[in-house]
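Each number in this note's numbering corresponds to the 1-based position in the sequence shown with 162 added.
Below: the structure, in structure tokens.
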Amino acid sequence: MKQTFIILISALLVYTIIPTLIIRLFGIGVYKRGTGEQPIALTFDDGPDAEFTPLLLDLLKKYNIKGTFFVLGRKAEKYPDLIQRMHNEGHLVGIHNYVHWSNALMSPKRVREQVNKTANVINRIIGEKAFYYRPPWGVINLFDFFLMKQFRMILWSVIVGDWKSSGGKQKIKQRLLSKLRGGAVIVLHDSGQTFGADRDAPAYMLEALNEFIIEALYTGYCFQRVDEKRAA
């Protein structure tokens, strides 16, 4: 029993834990922030969502801000009009797997199927190849390094726990402002339907984001898509 446990832990270390630490701590092979002189990148995961994504798009349009959406292929198929709207309004559409499964729990073949299937869905809708990829939870497996030959992997430098409703708007806003830096890559979530998220959490995110944008613009910051930024 003990030997089996040791083998299991060793396999997990090699397959997912060490590779994930390499990209999360050291940023090897991924993009997670720009220089202090660069604009901020707003990125959004887990959508599109029929209720909250239109409200988010309205908010970004109000301030003429272009963001990056890492979408789930299954939801993109369900709401192609929202993917098309993202594209039409100048936002970047990226990949967040076909369903919200962790790469740590899938075989290399299954991960590739998830990524390529989502890329094909996006291409059918907007007529452009999706090149940017964010793995769910920022977790990868060892073989995902080979994906970097085909896709640009994007992580983040700012994460604020906006998938939970506790603390409401104020918690999210305070965390965003406390980490307000040039070149930041901020991850937020426009859907509360994934595992561990609260269904109404995006409502608080939207309120906080509106106030955060106002303060960021007032203090001289600006915003860009991740493909308009260069890695530090």
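Yeah, the Cβ is synthetic: ideal placement off N, Cα and C, and Gly gets one too.
- Contact check for VAL283 and GLU251: beta-carbon distance about 19 Å, past the 8 Å limit, so the pair fails to qualify.
- If you ignore the 5 residues before and after VAL176, its C-beta comes within less than 7 Å of the C-beta of LEU304, all in its own chain and listed in chain order.
- MET248 is positioned such that its CB atom lies closer than 8 Å to that of PHE231.
- A Cβ-Cβ separation of about 11 Å leaves LEU338 out of contact with VAL349 under the 8 Å criterion.
- Annotated as proximal: PHE214 and SER353, with beta-carbon spacing under 8 Å.
- Annotation: MET248 is outside any beta strand (DSSP E); the continuous alpha helix (DSSP H) that includes it extends over 242-250.
- Between TYR193 and LYS311, the alpha-carbon positions lie close to 14 Å from each other.
- Under DSSP, the beta-bridge partners assigned to ASP207 are PHE232 and HIS351.
- In the structure shown, the three-state DSSP call for ARG286 is helix.
- Contact between the segment 261-269 and the segment 217-231 is absent: fewer than 3 CB-CB pairs across the two stretches fall below 8 Å.
- When secondary structure is reduced to three states using DSSP, VAL176 falls in the helix class.
- For ILE302, the three-state secondary structure derived from DSSP is coil.
- The Cβ neighbour count for GLN332, taken over all protein chains shown within 10 Å, is under 16; the residue is labelled exposed.
- In this model, HIS253 and LEU204 are separated by some 10 Å (Cα to Cα).
- Counting other Cβ atoms within 10 Å of its Cβ, ALA173 stays below 16 and is therefore classed as exposed.
- The beta carbons of ARG296 and LEU309 sit no closer together than 8 Å.
- The continuous beta strand (DSSP E) containing ARG314 extends over residues 314-316.
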